[in-house]
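Have a look at the structure below before the remarks.
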Ligand SMILES: Nc1nc2c(ncn2[C@@H]2O[C@H](COP(=O)(O)OP(=O)(O)OP(=O)(O)O)[C@@H](O)[C@H]2O)c(=O)[nH]1
Ligand SMILES: [Mg+2]
């Protein structure tokens, strides 16, 4: 097979939906992953934002991750079910320094379960403890996190959107798990380094804030 043929291997597309209370760092995580940036200033997400990044998994597999960054205020709203529908992966995000944000994940998870009640294929659900740079003021104990994972069969992640610690690894592991690909130690170590290649700058600055995403964006999702 020639190089050009190899490059043309079809992309996989995965829809990942990021859920959790306001200020837990969902937008920061998505921005860190897709654009290698972090902003200290908080700008509430109204409705939904989109981010996109292509990654390469073992076996020369190109995977485009569509990250649906859902505003924390959407819980209880009419649109939330629609945002979650069709996701292959769900990231349940809490702030390790905010116990309430962990307790409230139960509500977010219940919505996910309800939306997928009737569907044959269940999304992979990941529990993501963010802000591990603030370990010294952690209030949610790691064993609580682990118990929630075990009880619900969730994949477990601790990250910092601020420092970038384990953020790429988190998205890479989720994508690999969804596609049934095993990552070896070298690949996991590689992803711990800051990877700047292959960034698809989908959300240009300033990041658009849309209550109802444009139809074209919605239709792009399979
Ligand atoms: N120290 C620290 N601060 C963080 C981290 N991630 C996010 N923040 C800060 O937390 C605040 C909220 O971050 P956002 O990413 O906007 O939170 P969000 O979950 O998107 O909030 P909503 O859009 O309201 O749902 C911002 O001031 C961020 O700078 C982190 O890993 N460490
Ligand atoms: Mg946000």
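Residue numbers (this note's numbering): 1 to 222. Using N, Cα and C, we set each Cβ at its ideal position, and we do this for glycine too. This structure is a prediction, so every number in the text was calculated from the model and none was measured.
- For the pair residue 147 and residue 176, the Cα-to-Cα distance works out to about 23 Å.
- Rounded to whole angstroms, the separation of the alpha carbons of residue 68 and residue 114 is 19 Å.
- Taking 9 Å as the cut-off, the beta carbon of residue 131 is found no closer than this to the beta carbon of residue 155.
- A distance criterion of 8 Å places the beta-carbon of residue 93 in contact range of ligand 1, judged by its closest non-hydrogen atom.
- If you check the C-beta of residue 50 against ligand 1, you find no heavy atom less than 8 Å away.
- Counting only runs of at least 3 residues, the region 66-125 fully encloses the following beta strand (DSSP E) elements, listed from N- to C-terminal order: 89-95.
- Closest by C-alpha distance to residue 91, out of 59, 187 and 30, is 30.
- When secondary structure is reduced to three states using DSSP, residue 40 falls in the coil class, being assigned neither helix nor strand.
- At least one heavy atom of ligand 2 falls within 8 Å of the beta-carbon of residue 71.
- Taken through DSSP and simplified to helix, strand or coil, residue 31 comes out as helix.
- In summary, residue 98 is buried, with 16 or more beta-carbon neighbours lying within 10 Å of its beta-carbon over all protein chains present.
- Spatial neighbours of residue 163 in its own chain (CB-CB distance under 7 Å, excluding positions within 5 residues in sequence) are listed in chain order as 133.
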